[in-house]
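Asks: Just so we're aligned, residue 1090 is where the sequence shown starts under the numbering used here, counting upward by one. Using N, Cα and C, we set each Cβ at its ideal position, and we do this for glycine too. The structure under discussion is supplied below as C-alpha cells; questions concerning it will follow.
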Amino acid sequence: MPLHATVEGWVESLALTRHASMWAKQIVKVTGDDVDGIVLDGFEPVREVMGLADTWWRGADSLVAVYTGEAEALSFPQGRTALIYSGLDEWGLRGGVEDSTS
C-alpha cells in the first residue's frame, strides 16, 4: 500500500509531523470509525506531502494528519488513525514556507 507518491512526499510528512508536534497547543488522536467523523470543510490538502493513503490537511489554525495506509494494507479498518494538531499560528501552519500554486 503506497502511503505517498514519492520519497520526497514521505520525507515532507515526517518533517511536518515533527514541526506540528513542536508548535501545536493541543494534539488529539482519533482512531477507527471516528476518523470518518472528522470534518475537513475549509481545509486544503498539504500538497508537499503527496499523500496517497496517508494525507495531511491544513486549516485556519490546525493541521490534520490522516493515516489509513497500514490499516488498508492489513485489512484492519480500526487501525485508521488521525492526529489533529490545533492552536497553530502562521509559523505552526507553514513553518515559513509559502504555499505555491505550481
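1. Name the one or two DSSP bridge partners that Trp1112 has.
2. Beta-carbon within less than 8 Å of Gly1131's beta-carbon, same chain only, minus the 5 sequence neighbours each way: which residues are those?
3. Here's a check: name, in chain order, each residue in its chain whose Cβ is nearer than 7 Å to the Cβ of Thr1094, leaving out the five neighbours to either side.
4. Using a Cβ-Cβ cut-off of 6 Å (strictly less than) and excluding sequence neighbours within five positions of Glu1101, which residues of its own chain qualify?
5. Between the C-alpha atoms of Pro1166 and Asp1122, what's the straight-line distance to the nearest angstrom?
Replies: On the basis of the coordinates in this document:
1. Under DSSP, Trp1112 takes part in no beta bridge, so it has no partner.
2. Correct list, in chain order: Gly1148 and Ala1149.
3. The question names Thr, but residue 1094 is Ala in the sequence shown. Counting only Cβ-Cβ distances below 7 Å, and skipping sequence neighbours, we find Met1139 and Leu1141.
4. Once the five neighbours on either side are set aside, the close Cβ partners of Glu1101 are Glu1137 and Val1138.
5. Roughly 8 Å between the two C-alpha positions.
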